[in-house]
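What follows is a single structure, written as structure tokens, with notes after it.
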Amino acid sequence: MLSPKVQNLFDEPGCDKNQAKDEKARKKGCSKPLTPGAAAGGCAFDGAKIVLQPITDVAHLVHAPLACEGNSWDNRGAASSGPMLWRTSFTTDLTELDVVMGQGERKLYKAIREIVEEHAPPAVFVYETCVTALIGDDLDAVCRHATDKFGVPVIPVHAAGFVGSKNLGNKLAGEALLDHVIGTHEPDDVGPYDINILGEFNLAGEFWMVKPLLDELGIRIRACIPGDARYLDVASAHTARATMMVCSTALINLARKMEERWGIPFFEGSFYGVADTSDALRQIAKLLVARGADAELIDRTETLIAREEAIAWARLEAFRPRLEGKRVLLNTGGVKSWSIASALMEIGIEIVGTSTKKSTDEDKARIKQLLEDEHKMFEGMAPRDLYALLERHDADIMLSGGRTQFIALKARMPWLDINQERHHPYAGYDGMVELVRQIDIAIHNPVFVEVNEPSPFDADGTVIGEKVIGLSRRSAVAAEPPLPVPPPPGGRGLVGMGSSQSFGRADVGGFSGFGAGSPTAGAPSSSPPSRGRDREGGVGLSADGELATHTHKKFAASGAGDADDC
Ligand code: SF4
1213 MLSPKVQNLF DEPGCDKNQA KDEKARKKGC SKPLTPGAAA GGCAFDGAKI VLQPITDVAH
1273 LVHAPLACEG NSWDNRGAAS SGPMLWRTSF TTDLTELDVV MGQGERKLYK AIREIVEEHA
1333 PPAVFVYETC VTALIGDDLD AVCRHATDKF GVPVIPVHAA GFVGSKNLGN KLAGEALLDH
1393 VIGTHEPDDV GPYDINILGE FNLAGEFWMV KPLLDELGIR IRACIPGDAR YLDVASAHTA
1453 RATMMVCSTA LINLARKMEE RWGIPFFEGS FYGVADTSDA LRQIAKLLVA RGADAELIDR
1513 TETLIAREEA IAWARLEAFR PRLEGKRVLL NTGGVKSWSI ASALMEIGIE IVGTSTKKST
1573 DEDKARIKQL LEDEHKMFEG MAPRDLYALL ERHDADIMLS GGRTQFIALK ARMPWLDINQ
1633 ERHHPYAGYD GMVELVRQID IAIHNPVFVE VNEPSPFDAD GTVIGEKVIG LSRRSAVAAE
1693 PPLPVPPPPG GRGLVGMGSS QSFGRADVGG FSGFGAGSPT AGAPSSSPPS RGRDREGGVG
1753 LSADGELATH THKKFAASGA GDADDC
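Numbering (this note's numbering), first residue to last: 1213 to 1778.
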């Protein structure tokens, strides 16, 4: 049943890579064979869960033995501004006995009932996995029956692990939303300033660095999928006037099909880097005006961009004395490979290399133009080459994802996580300043000088001379200018602009986001209303700024003999 859907995804017209292949190669799909010894990526189930789990008020029930949920649980730092149900892990915890006795469907139904009775969620998402797909549990029938019985949408997500890669699972999650969720709710407050953001995960709460800018322009996020989303927002996404797609590799199929089905135009953009954030805001304004918003939105957007860029550059400039001439190796890919690079270069940081692993041809052209040296671009680097480069001290820091962190640490080099497991928000203008601040902190961490000093002992353990470890470093640190003080929320202190609240409203034509006078006044919003609230301990984060802890729930009891079984 899943096969035609998977084939259809491999034939995605919105994916340049797939379209460049011949028909035979396209049929084979996108999964590459795993490299022995390398860390394997996640399975399709993992990919589907990554995309859907940040829908925060929904219960996510994994129909599988316990290990599947354990394997994929909580490996991303998405944040919620309200509901915390998404952080409770539900699994049917199938055992061999359940499989042998054919108890899978019964146990699933019972688990759904228990979730609905105890938590009253607006919907339950049920994930198929390898074992439950292989034993042939009829997920659709159980979900249909449970929906009728309990009056709550129960959504089957068909993305068993063996179907393919994590990336394919992302797209299958998009298909589940298209088939069962989007278009099922008609809001009564549709307006010409409504947009969708697709592929934004709100990692470390970073979308909250961007949302206040949109609020200020009077642009409402109808649905941000999936970061900090609510079920009803996603169900109403078909009423938006335009879509921005942040991560094309994850949800291109969803963006394209929403355009076909509901006529919502989309563009691909990024909130990483100063120039990119400005471009994204411009494109959003342009699309909205083309679809009925007032043309003065474009002028207000330009005014806001000019103001925000001036603030961001002034704040970034404060790091120049400490970071000028430092060399960064960017091992990430996609749009980040050039959008972050351009902002770093503006303050005098040298980019010694950038990965083009997930970059499109357009991305590569921009990198080439930016770095003026194509030898600094690499598709992927073997761990041994990466280690050699870092060990030679050809870079002062590596920015990458968690998988390569140990290569940097083994080479005794600073490293900063800029991929999905990161703990700091890097989106928008304020996010770029935060990224530079984190680079500064990592580069100037005294531990790296100490571990790079020659050992004061010889091979036999005899002390050589009177060397004191780290002494040279301590004097060097004392000579450097101090780390710029982190700005107050809104970050206006460094350029003497006063608080973020009093700043700029008049500059952009008197709009005040969702307050009085805004084109979307009084409209509900799923995200925090003010910049940085959650970073300061708002709902969803504990008082010390840490993410709230999660809970696990498994349904170990067999459902045999239950009167309400299907
Ligand atoms: S590959 Fe299959 S068994 Fe393994 S985690 Fe993924 S769904 Fe579960």
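Using N, Cα and C, we set each Cβ at its ideal position, and we do this for glycine too. Small disclaimer: the values here were computed from a predicted structure and weren't measured.
- Under DSSP, ARG1494 shares a beta bridge with no residue.
- In this structure, THR1341 has its CB closer than 7 Å to one or more heavy atoms of ligand 1.
- With fewer than 16 other CB atoms across the displayed protein chains lying within 10 angstroms of its CB, GLN1581 is exposed.
- For GLU1562, the enclosing beta strand (DSSP E) starts and ends at 1562 to 1567.
- Exposure of VAL1663 is indicated by the presence of fewer than 16 other C-beta atoms within 10 angstroms of its C-beta.
- Contact between the segment 1380 to 1398 and the segment 1454 to 1470 is present, with at least three C-beta pairs closer than 8 Å.
- Contact annotation, ASP1585 with ARG1539: C-beta distance approximately 14 Å; criterion of less than 8 Å not satisfied.
- Inclusion of PHE1374 in the 7 Å shell around ligand 1 follows from its C-beta lying nearer than that to a non-hydrogen atom of the ligand.
- Rounded to whole angstroms, the Cβ separation of ASP1360 and GLU1317 is 15 Å, and the two are not in contact under 8 Å.
- A distance of 8 Å or more separates the beta carbons of ILE1431 and ILE1409.
- Of the other Cβ atoms in all chains shown, 16 or more fall within 10 Å of the Cβ of PRO1637; this residue is therefore buried.
- Taking C-beta atoms under 8 Å as the contact rule, TYR1321 and ALA1358 qualify, at a distance of about 6 Å.
- Distances from the CB of CYS1280 to the heavy atoms of ligand 1 include at least one below 7 Å.
- CA-CA distance, PRO1666 to VAL1675, rounds to 12 Å.
- Proximity to LEU1528 across GLN1650, LEU1499, ASP1573 and LEU1509 peaks at GLN1650, based on C-alpha coordinates.
- In this structure, PRO1368 and TYR1443 do not form a Cβ contact; the two beta carbons are roughly 15 Å apart against a cut-off of 8 Å.
- Within 7 Å of the C-beta of ASP1310 there is not a single heavy atom belonging to ligand 1.
- In the DSSP annotation of this structure, the continuous segment of the beta strand (DSSP E) that includes MET1456 starts and ends at 1454 to 1457.
- Per DSSP, the unbroken beta strand (DSSP E) holding ASN1543 starts and ends at 1539 to 1543.
- For CYS1436, the enclosing beta strand (DSSP E) covers residues 1432 to 1438.
- As a beta-bridge residue in DSSP terms, SER1377 pairs with CYS1255.
- Excluding five sequence positions before and after ALA1385, the CB atoms of its chain that fall closer than 6 Å to its own CB belong to ALA1260, VAL1263 and LEU1264, given in chain order.
- Note on VAL1645: 16 or more other CB atoms within 10 angstroms of its CB, so buried under the neighbour-count rule.
- Annotated three-state conformation of TYR1638 is coil, per DSSP.
- In this chain, ALA1271 is not harboured by any alpha helix (DSSP H); it is covered by the beta strand (DSSP E) spanning 1271 to 1275.
- LEU1602 and GLU1281 have their C-alpha atoms roughly 36 Å apart.
- Around HIS1450, the same chain offers ILE1394, GLY1395 and TRP1474 as residues with beta carbons nearer than 6 Å, after the five sequence neighbours per side are excluded.
- A direct Cα-Cα distance of roughly 18 Å separates LEU1426 from LEU1415.
- In this structure, the beta-carbon distance from VAL1274 to TRP1298 does not fall below 8 Å.
- DSSP, read as helix, strand or coil, puts GLY1411 in strand.
- At least 8 Å separates the beta-carbon of GLY1411 from that of VAL1446.
- Around the beta carbon of ASP1440, 16 or more other beta carbons sit within 10 angstroms, so the residue counts as buried.
- Here the alpha carbons of MET1593 and ARG1615 stand approximately 13 Å from one another.
- At least 8 Å separates the beta-carbon of ALA1290 from that of PHE1483.
- The beta carbon of LEU1535 lies closer than 8 Å to those of ILE1559, GLY1560, ILE1561, VAL1648, ILE1651, ASP1652 and ILE1655 in the same chain, with the five residues before and after it left out.
- Shown here, PRO1368 sits in a strand according to DSSP, grouped into three states.
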